[in-house]
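Have a look at the structure below before the remarks.
Numbering (the working numbering), first residue to last: 622 to 847.
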């Protein structure tokens, strides 16, 4: 949560990459710890989800691009963290599964928010009931993943993408991200009003002035995130 807070609030950070260490992206909660703390399990999982949910919320609301680089298994809460990215880049060896019902648990981490929106309620329920494991290619076909690259290429591919986004008009990207996330709960007219306000605000940024000057001068813009 603390790291998510820092990167979301720091204006010097213009794109964010979230990935795992080792062979897995994230396997979710520590089931052995759950077994050792059954008398206080309710308090324990509430504490854990408070931090996880806070981190997810910060990443999703961060006014800058967030990339999740899925380098292996993303299970349970790890799947939810993967879904928190604006763009999800997966290695060929990546695998995706909910895993909750294997231990008699219900989903958390925002997975019941994202999966119905990405794959539909019926497929989301299937993933929960059956704990089906999706390959990276299947996740791409289902709309869970943005792109799939070879395992050895993941770091370089994500690095290039992160640098490209960091060199972009950060304020406009952040406002556009907010528009897309808010669109599912707004009426047509309200959403168009939000668009009008956002593009008007963007027009007062240094990056907008640079963008229109560069267009007229037939050169690539140099954005500063201001």
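Ideal Cβ placement from N, Cα and C applies to all residues, glycine included. Model, not experiment: these values are computed from the prediction.
Less than 8 Å between the C-beta atoms of residue 736 and residue 764, yes or no? One-based indexing of the chain shown puts residue 736 at position 115. One-based indexing of the chain shown puts residue 764 at position 143. Cβ atoms of residue 736 and residue 764: not closer than 8 Å.
Residues in its own chain within less than 6 Å of residue 680 by CB, not counting five upstream and five downstream? One-based indexing of the chain shown puts residue 680 at position 59. If we look at residue 680 and ignore the five residues flanking it on each side, its Cβ neighbours are 625, 687 and 705.
Assuming residue 769 and residue 757 make a contact with CB atoms under 8 Å, what is their CB distance in whole Å? Sequence index remark: in the chain shown, residue 769 carries index 148 (1-based). Sequence index remark: in the chain shown, residue 757 carries index 136 (1-based). Their Cβ separation, rounded to whole angstroms, is 5 Å, which keeps residue 769 and residue 757 in contact under 8 Å.
Residues bridged to residue 716 by DSSP? Reading the chain shown from its first residue, position 95 is the one you call residue 716. Its beta-bridge partners are 694 and 756.
Please name the residue, chosen from 690, 660 and 649, that lies closest to residue 772 on a Cα-to-Cα basis. For the purposes of this step, residue 772 is taken as residue 151 along the chain shown, with counting starting at 1. The shortest Cα separation from residue 772 among 690, 660 and 649 belongs to 690.
Contact between the stretch 709 to 716 and the stretch 691 to 700 is defined here as three or more beta-carbon pairs at a separation below 8 Å; is this criterion met? yes
Check whether residue 767 and residue 710 have beta carbons under 8 Å apart: Numbered from its first residue, the chain shown carries residue 767 at position 146. Numbered from its first residue, the chain shown carries residue 710 at position 89. Yes, these two residues count as a Cβ contact at 8 Å.
To the nearest angstrom, how far is the alpha carbon of residue 645 from that of residue 683? To locate residue 645, count along the chain shown from 1; it is residue 24. To locate residue 683, count along the chain shown from 1; it is residue 62. The alpha-carbon atoms of residue 645 and residue 683 are separated by roughly 25 Å.
Tell me the DSSP bridge mates of residue 687? Locating residue 687 in the chain shown gives position 66, counting from the first residue. Beta-bridge pairing links residue 687 to 637.
Assuming contact is defined by CB atoms lying nearer than 8 Å, are residue 677 and residue 641 in contact in what I supplied? If you number the chain shown from 1, residue 677 lands on position 56. If you number the chain shown from 1, residue 641 lands on position 20. Not closer than 8 Å, so no.
Which first and last residues belong to the alpha helix (DSSP H) in which residue 738 is found? Here residue 738 refers to the residue found at position 117 of the chain shown. It spans 732 to 740 - the alpha helix (DSSP H) in which residue 738 sits, taken as one unbroken run.
Comparing alpha-carbon positions, which option in 723, 750, 674 and 836 lies nearest residue 702? Within the chain shown, numbered from 1, the residue matching residue 702 stands at position 81. Of the candidates 723, 750, 674 and 836, the one whose C-alpha sits nearest the C-alpha of residue 702 is 674.
Report the partner residues of residue 708 according to the DSSP bridge assignment. One-based indexing of the chain shown puts residue 708 at position 87. Its beta-bridge partners are 688.
Hey, residue 796 and residue 807 are a contact pair by Cβ (cut 8 Å); roughly how many whole angstroms apart? Locating residue 796 in the chain shown gives position 175, counting from the first residue. Locating residue 807 in the chain shown gives position 186, counting from the first residue. Incorrect: roughly 15 Å between the Cβ atoms, too far for contact.
Where residue 768 falls: helix, strand or coil (DSSP): In the chain shown, counting from the first residue as 1, residue 768 sits at position 147. Of the three classes helix, strand and coil, the one that applies to residue 768 here is strand, per DSSP.
Report the option in 712, 748, 789 and 665 whose CA atom is closest to the CA atom of residue 761. Indexing the chain shown from 1 puts residue 761 at position 140. Residue 761 has its Cα closest to that of 712, out of 712, 748, 789 and 665.
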